[in-house]
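As C-alpha cells, the structure follows; a few thoughts come after it.
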Amino acid sequence: MQKADLRTVTVTRYITPLREGGSLPALTEADDDFKYVLKFKGAGHGVKALIAELLGSEIARALGFKVPELVFAHLDEAFGRTEGDEEIQDLLQASQGLNLALHFLSGAINFDPVVTEVDKFEASKIVWLDAFITNVDRTFRNTNMLIWHKELWLIDHGASFYFHHSWTNVEEKAKTPFSFIKDHVLLPRATKLQEADEYCRKLITPGKIKEIVSLIPSEWLQWQDTDETEKEIKEVYTQFLTTRLEHSEIFIKEAENARKALI
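Under the UniProt record's numbering, read the sequence shown as residues 1 to 263, first letter to last.
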C-alpha cells in the first residue's frame with residue numbers, strides 16, 4: 001500500500017467563496033496551476049477542523065475510497081489584501097501560513113441516494129468509516145459525497161473527531177457507540193457491516209494509524225488551550241483511533257441496531 005504523503009502548494013488566486021460550507025471554504029488556484037477547495041485554519045473550529053479533515057480523508061483513502069487529493073496550502077502574508085469583502089479578508093489574514101486544500105473535481109455533482117444506488121458492501125464500508133472517525137456529517141441533508149466521472153467520491157470530513165473540541169476523557173470517548181450513525185445516508189443500504197468490519201480492520205492497522213497521524217504538521221499543533229507537546233497531542237489522536245479500532249464491535253452493534261430500527 002502506498003505510504004501516506006502530502007504535497008505543499010502556495011495559493012496564488014482566490015476565486016470565489018463556497019458559501020454552502022459553514023466555515024466558508026473557497027475555490028482557489030495554486031502555483032501548480034490546479035484549482036483547489038481551500039479549508040482555512042482561521043475559520044470556525046480552526047486547526048482542529050483541518051486535522052479532522054486530514055485524518056478522516058486519509059483513513060478513507062487507506063480503505064480504498066476515492067477521495068480528492070489533499071495538499072497543504074500555504075497562504076502568504078500579503079495574500080488577500082485586495083479582497084473587498086471584509087469577512088473574507090479577515091478570514092484570509094487569520095489563515096496565514098499552512099492550510100488544507102482538496103483538489104477541485106470540476107463538473108462533479110452531489111450524490112443523491114434516490115438517483116444512485118450504492119453497492120451494499122460499499123455502503124457498509126462507508127458507514128464503518130464514519131462510525132470509526134465519528135463523522136456526524138454524512139446525512140440525507142448533507143451527503144458529503146460526489147459523483148465524478150460516474151464514480152463515488154467522499155469529501156468533507158472536518159466534522160469528525162468531535163472529541164477533540166473538549167479534549168477530555170479520551171479513552172472513554174473512544175469506546176462510545178456513536179449514536180449519530182442513525183442519521184447516516186447510507187445506513188439503509190449497509191447490510192454487510194460485519195464483513196465491512198473484518199475488511200476495514202485488515203487495512204486500518206495500528207501502524208497505518210500512526211503513519212496517518214504523523215502527517216499532522218507542527219504548525220497545527222501549537223494549541224493555546226493545552227500544555228501538551230506536539231508529540232503528546234499526536235499520541236492522543238493515535239490512542240483514540242487505536243482504542244476505537246480495538247473496540248469496533250461497539251459501534252458496529254450500534255449501527256446494526258439503528259439499521260434494524262429503520263426497517
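From the three backbone atoms N, C-alpha and C, an ideal C-beta is built for every residue, glycine too.
Just so you know, these numbers come straight off a predicted model, no measurement behind them.
Just tell me which of the options has its CA closest to the CA of residue i.
| i | options | result |
| --- | --- | --- |
| Ile252 | Glu211, Lys175, Ile212 | Lys175 |
| Pro113 | Glu87, Asp76, Leu146, Ala131 | Leu146 |
| Phe178 | Gln89, Glu77, Val136, Thr226 | Val136 |
| residue 283 | Trp167, His45, Lys125, Asn110 | With the chain running from 1 to 263 in the structure shown, residue 283 is simply not present. |
| Gly44 | Pro188, Arg189, His165 | His165 |
| Ile212 | Asn110, Thr8, Ala62 | Ala62 |
| Glu151 | Cys200, Arg141, Ala94, Asp119 | Asp119 |
| Thr10 | Leu38, Lys260, Val37, Leu75 | Leu75 |
| Ala255 | Phe132, Thr229, Thr226 | Phe132 |
| Trp128 | Ser248, Arg7, Leu262 | Ser248 |
| Thr143 | Lys41, Val185, Ile263 | Val185 |
| Ala108 | Phe161, His149, Glu87, Thr238 | His149 |
| Thr263 | Leu187, Arg201, Cys200, Lys208 | Looking at the sequence shown, residue 263 is not Thr but Ile. Ranking the options by Cα distance to Ile263, first place goes to Leu187. |
| Glu232 | Ile216, Arg244, Glu246 | Ile216 |
| Cys200 | Arg259, Asp130, Leu105 | Asp130 |
| Thr105 | Lys208, Leu27, Thr229, Gly207 | Thr is not the amino acid found at residue 105; the sequence shown has Leu there. For the residues Lys208, Leu27, Thr229, Gly207, the minimum Cα distance to Leu105 belongs to Leu27. |
Ends of the alpha helix (DSSP H) at residue i?
| i | result |
| --- | --- |
| Pro206 | 206 to 213 |
| Ala255 | 248 to 262 |
| Leu146 | Element bounds for Leu146: not the alpha helix (DSSP H) but the beta strand (DSSP E), 145 to 148. |
Taking residue i as part of the beta strand (DSSP E), name the residues at either end of that continuous run.
| i | result |
| --- | --- |
| Thr16 | 7 to 17 |
| Lys39 | 35 to 39 |
| Leu24 | From DSSP, Leu24 is part of no beta strand (DSSP E); its letter is neither H nor E. |
Nearest-angstrom Cα distance between residue i and residue j?
| i | j | result |
| --- | --- | --- |
| Val47 | Asn257 | 34 angstroms |
| Thr116 | Arg189 | 12 angstroms |
| Gln222 | Asp90 | 21 angstroms |
| Leu50 | Tyr14 | 19 angstroms |
| Gln239 | Glu29 | 36 angstroms |
| Asp5 | Asp32 | 17 angstroms |
| Glu87 | Thr242 | 39 angstroms |
| Gln96 | Lys192 | 45 angstroms |
| Ala159 | Glu53 | 8 angstroms |
| Thr226 | Lys182 | 33 angstroms |
| Tyr162 | Thr134 | 7 angstroms |
| Arg141 | Phe180 | 14 angstroms |
| Lys39 | Leu18 | 10 angstroms |
| Ser214 | Thr8 | 16 angstroms |
| residue 264 | Trp220 | Nothing can be reported for residue 264: it is not among the residues displayed for the chain, which extend from 1 to 263. |
| Phe79 | Phe65 | 34 angstroms |
Within the 8 angstroms Cβ cut-off, does residue i reach chain D?
| i | result |
| --- | --- |
| Val236 | Here there is only one protein chain, and chain D is not present. |
Looking at C-beta atoms only, is the number of pairs between the segment 139 to 155 and the segment 54 to 68 that lie closer than 8 angstroms three or more? yes
Are the segment 66 to 80 and the segment 93 to 100 touching, with three or more C-beta to C-beta distances below 8 angstroms? yes
If we require 4 or more residues per run, which alpha helix (DSSP H) segments fall completely within the segment 62 to 98? 86 to 94
Complete alpha helix (DSSP H) runs within the segment 150 to 197 (minimum length 4 residues, chain order): 170 to 174
Is it true that the segment 178 to 196 meets the segment 116 to 124, where meeting means three or more beta-carbon pairs spaced less than 8 angstroms apart? yes
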